[in-house]
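Quick note on numbering: the sequence shown equals residues -18 to -1, 1 to 403 in mature numbering (1 follows the signal peptide of the UniProt record, and there is no 0). Glycine included, C-beta positions come from ideal geometry on N, C-alpha and C. A short write-up of the structure that comes next.
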Amino acid sequence: MKVLLVLALISLAALASTRKPLAARYDNFKVYRAYVKDSEQLEEFKKIHQHIQVHILHEIGGPNRSYDVIVGPLFQRTFEQVLNDLEVAYDVIVEDLQALLDESPVDEDAPMDWETYHPLDVIYDWVDEQCDEHDYLECKVIGHSYEGRPIKSVRLSKREGNKAIVIEGNIHAMEWISSATVTFILNQLINSEDDDIQRLTEEFDWIVVPMVNPDGFVYTHEVERLWRKNRRPNGYTNSSGPCYGIDMNRNFDYHWSGAGWGIEDPCDHWFGGDEPNTEREILALQDFVSSFDDGYIRAYLAFHAYGQYVLLPYGHTNTEFPPNYDQMMRIAAAFADGAVDAFGSVFTYGASGLLNYVVSGAAKDWAYGVKDIPFTCTVELRDKGTFGFFLPSNQITEVGVEVTEGLKSLVAKAADEGIFD
Ligand SMILES: [Zn+2]
């Protein structure tokens, strides 16, 4: 009897240790889009989460903007009431978030493709396979995340003396379309037989870091689909306990000006830290970029979601512009022209401080301002708000194709403009 009990306990323990944490579900959660007009409304809107449980998906960047907010069934009535009291107009853009997420299920065992979203292991296994099969790829682990996961890089170089383009993916954990697109591009560069793409790989080197935030990404798969930051305990607590994570695209050191606009809660999803350059993931990325000779890297593209923008430096101001801003605008225009021809997706381009809002600490500003890379940008991928952060997986391939077309056109224009000279 005793033996049986012990055996039963052992098998229970084995079961427990192999079981993954249960991912949060969003049954009957709605996504609202709230249109905040003036500063007075904004001040009140910012405080909503102090009263009821809501998840604001957008960084508070000022009035005259819309903010997407996830609200569970328990709080929907109160939330609507608060918005009505504040005279903030709103739409319900997703009626049942779980139903929408279920349209893009993740099969953990499915081999890599660009029809579905994949977990980290599948993405990394595919990267390793490519590295094994092609001797012109130089693959390196550039560092490790807070929880010890590798951050992998692939450098494609077929000719001595080429200049390089850096592509960075998934620094924001929940933006799955980012690493899906970055690996789509990498796959095209390696395996496409299209002459234009092959020429891109003969004439330029490509440095790809598909997953800057592996801890956050794994967390979005296993626990909370809507996580944005990394997973380092940031030293603060709020009423729900310890705060985790730093928004790593607010932590780069160029005109860094605090945690961001209006951060009052260090548990916020866009908390940029107490000081810049605190996160080991972005330090690894910075060291890696800095390990190359000056002048070798000529373009730096960071992929994000959503909104269909090519955001140029600067982020920290909307009254000062980079010395070669006009040139960067012409190159960004070329990307937009190439991309729109594929499926009609319109990309808007301009300084992020103008198009988005004034906020500092982004990779593209560091790459431009500190590393002197003459063309840098953040590409906000599809869509323009229909699905927002929950872009269904049946759009991955189209996004990959339109961005590849945009890139072809961008690189050609950048070459014309002398960026690679
Ligand atoms: Zn992002």
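In the displayed model, residue 188 falls within a strand according to three-state DSSP.
Per the coordinates, the alpha-carbon of residue 55 lies some 9 angstroms from the alpha-carbon of residue 8. Here the stretch 150 to 165 does not lie against the stretch 173 to 183, with fewer than 3 beta-carbon pairs under 8 angstroms apart. In the three-state reduction of the DSSP assignment, residue 8 falls in the coil class, being assigned neither a helical nor a strand state. Per the coordinates, the alpha-carbon of residue 170 lies some 13 angstroms from the alpha-carbon of residue 109.
In this structure, DSSP gives residue 48 an extended state, which the three-state scheme calls strand.
Inclusion of residue 229 and residue 253 in the CB contact set at 8 angstroms is warranted, their separation being smaller than that value. Counting only runs of 3 or more residues that sit fully inside the stretch 44 to 99, the beta strand (DSSP E) segments are 47 to 53 and 71 to 76, in chain order.
Close CB contacts of residue 306 within its chain, under the 7 angstroms cut and outside five residues either way in sequence, are with 356 (chain order). Within its own chain, the residues whose Cβ lies closer than 7 angstroms to the Cβ of residue 323, once the five positions on either side in sequence are excluded, are 387, listed in chain order. DSSP lists no bridge partner for residue 346.
With fewer than 16 other Cβ atoms inside 10 Å of its own Cβ, residue 81 counts as exposed.
Look at residue 329 here: in three-state DSSP terms it is coil, with no helix or strand label. Membership of residue 25 in the alpha helix (DSSP H) is indicated by the continuous run 21 to 33. Residue 334 is not a Cβ neighbour of residue 290, given a cutoff of 8 angstroms.
For a cut-off of 8 angstroms, the C-beta gap from residue 39 to residue 52 is around 7 angstroms, short enough to register as a contact. In this structure, 346 is the residue among 337, 393 and 346 with its C-alpha nearest to the C-alpha of residue 236.
Residue 124 is not a Cβ neighbour of residue 281, given a cutoff of 8 angstroms.
The C-beta distance from residue 138 to residue 118 rounds to 6 angstroms, short enough to fall under 8 angstroms. Residue 33 sits exposed, since fewer than 16 C-beta atoms from the chains shown fall within 10 Å of its C-beta.
With a cut-off of 7 angstroms, the C-beta of residue 263 is classified as distant from ligand 1, since no heavy atom of the ligand falls inside that distance.
Assignment of residue 355 by DSSP, reduced to helix, strand and coil, places it in the coil class. Under the three-pair Cβ rule at 8 angstroms, the stretch 134 to 150 counts as touching the stretch 187 to 202. Exposure of residue 218 is indicated by the presence of fewer than 16 other C-beta atoms within 10 angstroms of its C-beta. Comparing alpha carbon positions, the residue from 310, 361 and 260 closest to residue 292 is 361. Every alpha helix (DSSP H) of 4 residues or more that sits fully in the stretch 152 to 177 is shown, in chain order, as 158 to 173.
Relative to ligand 1, residue 287 has its C-beta within less than 7 angstroms of a heavy atom. DSSP places residue 120 in no alpha helix (DSSP H) but in the uninterrupted beta strand (DSSP E) bounded by 119 to 126. Rounded to the nearest whole angstrom, the C-alpha separation of residue 159 and residue 365 is 10 angstroms. Here DSSP, grouped into helix, strand and coil, assigns residue 179 to helix. The shortest C-alpha to C-alpha distance from residue 185 to any of 390, 312 and 140 is the one to 140. In the three-state reduction of the DSSP assignment, residue 372 falls in the helix class, which pools H, G and I. With contacts defined by Cβ atoms closer than 8 angstroms, residue 294 and residue 332 form a contacting pair.
For residue 62 and residue 44, the gap between their C-alpha atoms comes out near 21 angstroms. Restricting attention to 359, 317 and 398, the CA atom closest to the CA of residue 390 is found in 317. In this structure, the C-beta of residue 387 stays at least 7 angstroms away from each heavy atom of ligand 1.
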